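Chains as they are written, first to last, in our numbering: chain A, 1 to 145; chain B, 1001 to 1145; chain C, 2001 to 2145.
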C-alpha cells in the first residue's frame, strides 16, 4: 500500500548547473493535500544536486551563487580522483544539502517576500525527483473539525 | 485564526556580518509552549542570513567562521552581477541554510555542551524574523495525560 | 522518565577527517522502532563534525569532498584566532550542518540508489554521538491498527 503522505515531483533540468524554481510545484502538492497547518518536508534522492531557499526575484542572484560555487567554494580540481569527474557536484550537494523543510500556514507555504524554493542542479541536464512529505498538525487538525 | 504552533522572534542585528546567539530566545519559546517532548523547527524568511548550530563559548569561533566565509568560501567578487552588491550574503544563506530543527527533551532544547543556536547575519544591520514552530510528540503527550 | 522516541548512536571515528557511513546503524534504529511510515531526525550534539547525505559507493567521492573542503572551502588559515586550532572544523560543521532528516517508508529509510548517510568527522579521532528521533505518521499509524 503506498504511503499517502509521500508524493514525488519529477523535474527536468536543462543545463549542467542551474537553479530551478520549484516553489509553485511544491505549493501545488500542498494545495492538493488539503492540509491547512503543518510541515512540508522535501527530500532529494540524488547526490549531485541540492535543495535550497533563496531569492527568486532577480535571476542574477542564482547565477552569482553558481559563479561563486564554481570558482571559489567548490571548483574543479585536477587532484580529484572520482572517475565520473563530477566531484564538485558532490561537494555542493553536501554543502547546500539535499533536504529542506517548510512550514505550511493556512494552506500556504510560509516564505519570505523574496524567497523561493530551488532545486540546484549541479550535474545536468537530467530528470530529478523531489520527494515531498506533508504532515498535518495534529492539534490544529482536530480543533478544526 | 492564527496558527497557535507558530511564533515569530524579532532579532535586531548590529553589524554587516555577525553571529547572534538566539539559544535563550528559542528556549523561552519552548518553555512558554509547555511542550515536554517534541521538535522545534526554526525557519528564516530571509535570503541574506542563515541559521546554524556552533560553539557559543569562545567568541573567536564565530569570528573565525565569518573570516573564512568572507575570504575563502564566498568572498566579494567583481564578476557578480546582482546590483544590490550582496551576492556573497545570498551564497552564505544557501550554504549554511535558512532552516534548522532541534529536539525538545523534557522541556529543554537538546544541545551539545558547547553548542548554541545562531542567527548568522550576512547583510546587516537589520531586523530579522525567526519563525519558530514547536510540535509535541503525540505518543508522549498522550501518555503524560 | 526517558523519552522513548530518542536513541543515541555512539560512533568512534578513526582519523582527523573522515566520512563514516552510518546508514546501516540508522536503519537498525528505525527497524527496532517498528515504525512503518514516518520521519527520522538525526541531530549531532557536536560543533566540529557534521551529518550529510552523499554517494556511498565510490570511496573517492568522500575523499574528493574532504580534499575540496580542506583546500578551497575552509582551509587552515593563520589569521584564525581560536586557540584550539580547529576553526576549519567549525566552519565545515556550519556549512554542511549538524542535523538531517530522512523519510521512513514501509520501515525503510527512503534513499536514492547511491545515497548513504554520513557522519563527517572534521576534528577526530573521537567518539561522537548521533541522536536519532523517529516519529511515526499519526494518520498511517491509526489506519494500520
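Cβ coordinates follow ideal geometry from the N, Cα and C atoms, glycine included.
Only a predicted model underlies this, so the values are computations on that prediction, with no experimental measurement involved.
For this session: Kindly list the residues whose CB is nearer than 8 Å to the CB of residue 1127/B, restricted to its own chain and excluding five residues on each side of it in sequence; keep chain order.
Result: If you number the second chain from 1, residue 1127/B lands on position 127. In its chain, beyond the 5 residues on either side, 1010, 1011, 1012 and 1013 have a beta carbon closer than 8 Å to the beta carbon of residue 1127/B.
Exercise. From 16/A, 134/A, 54/A and 45/A, pick the residue whose C-alpha is nearest to that of residue 1092/B; which is it?
Worked result: As a working mapping, residue 1092/B is identified with position 92 in the second chain. Looking at the Cα atoms, 54/A is the closest of the given residues.
Problem set entry | Buried versus exposed call for residue 45/A [16 or more other C-beta atoms within 10 Å across all chains shown] | Residue mapping note: residue 45/A aligns to position 45 of the first chain, counting from 1. Classification for residue 45/A: buried.
Exercise. Under 8 Å Cβ-Cβ, which residues of chain A neighbour residue 2129/C?
Worked result: Position 129 of the third chain holds residue 2129/C. Those do not exist, as residue 2129/C stays about 21 Å from chain A at its closest Cβ, beyond 8 Å.
For this session: Check whether the Cβ atoms of residue 41/A and residue 2110/C sit closer than 8 Å, and answer yes or no.
Result: Taking the first chain and counting its residues from 1, one reaches residue 41/A at position 41. Taking the third chain and counting its residues from 1, one reaches residue 2110/C at position 110. Remark: C-beta atoms of residue 41/A and residue 2110/C do not approach each other more closely than 8 Å.
For this session: Name, going along the chain, the residues of the stretch 2041-2075 of chain C whose beta-carbon falls closer than 7 Å to a beta-carbon of chain A.
Result: 2052, 2053, 2054, 2055, 2058, 2060, 2061, 2063, 2064, 2065, 2067, 2068, 2072 and 2073
For this session: Measure the alpha-carbon distance for residue 1007/B versus residue 1130/B and round it to whole angstroms.
Result: Here residue 1007/B refers to the residue found at position 7 of the second chain. Here residue 1130/B refers to the residue found at position 130 of the second chain. Each residue's alpha carbon lies about 8 Å from the other.
Exercise. Pick from 1098/B, 1102/B, 1027/B and 1068/B: whose alpha carbon is nearest that of residue 2087/C?
Worked result: Residue mapping note: residue 2087/C aligns to position 87 of the third chain, counting from 1. Closest option to residue 2087/C, Cα to Cα, is 1068/B.
Exercise. What are the residues that DSSP puts in a beta bridge with residue 1134/B?
Worked result: Reading the second chain from its first residue, position 134 is the one you call residue 1134/B. DSSP output for residue 1134/B lists 1040/B as bridge partner(s).
Problem set entry | Opening and closing residue of the beta strand (DSSP E) in which residue 1018/B lies | Numbered from its first residue, the second chain carries residue 1018/B at position 18. Note, residue 1018/B: beta strand (DSSP E), 1018-1021.
For this session: Compile a chain-ordered list of the residues in the stretch 2087-2111 of chain C whose CB is closer than 8 Å to at least one CB of chain A.
Result: 2095, 2096, 2097, 2100, 2101, 2102, 2103, 2105, 2106, 2110 and 2111
For this session: Please work out which residues of its chain come closer than 8 Å, Cβ to Cβ, to residue 1106/B, disregarding the five sequence neighbours upstream and downstream, and give them in chain order.
Result: Taking the first residue of the second chain as 1, we reach residue 1106/B at position 106. Taking C-beta separations shorter than 8 Å and ignoring five residues to either side along the sequence, the partners of residue 1106/B in its chain run 1036 and 1037, following chain order.
Exercise. Is DSSP giving residue 2027/C helix, strand or coil here?
Worked result: As a position in the third chain, residue 2027/C is number 27, starting the count at 1. Of the three classes helix, strand and coil, the one that applies to residue 2027/C here is helix, per DSSP.
Exercise. Residue 31/A: buried (16+ other C-beta within 10 angstroms of its C-beta) or exposed?
Worked result: Taking the first residue of the first chain as position 1, residue 31/A is located at position 31. Label assigned to residue 31/A: exposed.
For this session: Could you say which of 2033/C, 2018/C, 2016/C and 2021/C lies nearest to residue 2104/C if we only look at CA atoms?
Result: Along the third chain, read from residue 1 onward, the residue named residue 2104/C stands at position 104. Here the closest residue by C-alpha is 2033/C.
Exercise. Among residues of its own chain, excluding the 5 on either side of residue 1074/B, which ones have a beta-carbon nearer than 8 Å to its beta-carbon?
Worked result: For this step, residue 1074/B is matched to residue 74 along the second chain. So the qualifying residues of the chain are 1088, 1091, 1092 and 1095.
Exercise. Does residue 1137/B get closer than 8 Å to chain C when you measure Cβ to Cβ?
Worked result: Residue numbering aside, residue 1137/B sits at position 137 when the second chain is read from its first letter. Cβ-Cβ to chain C under 8 Å: yes for residue 1137/B.
For this session: Mind checking which residues open and close the beta strand (DSSP E) that includes residue 1012/B?
Result: On the second chain, position 12 is the one that residue 1012/B refers to. Under the DSSP assignment, residue 1012/B falls in the beta strand (DSSP E) whose first and last residues are 1006-1012.
Exercise. So, are the CB atoms of residue 50/A and residue 85/A less than 8 Å apart?
Worked result: Sequence index remark: in the first chain, residue 50/A carries index 50 (1-based). Sequence index remark: in the first chain, residue 85/A carries index 85 (1-based). For residue 50/A and residue 85/A, no; Cβs fall outside 8 Å.
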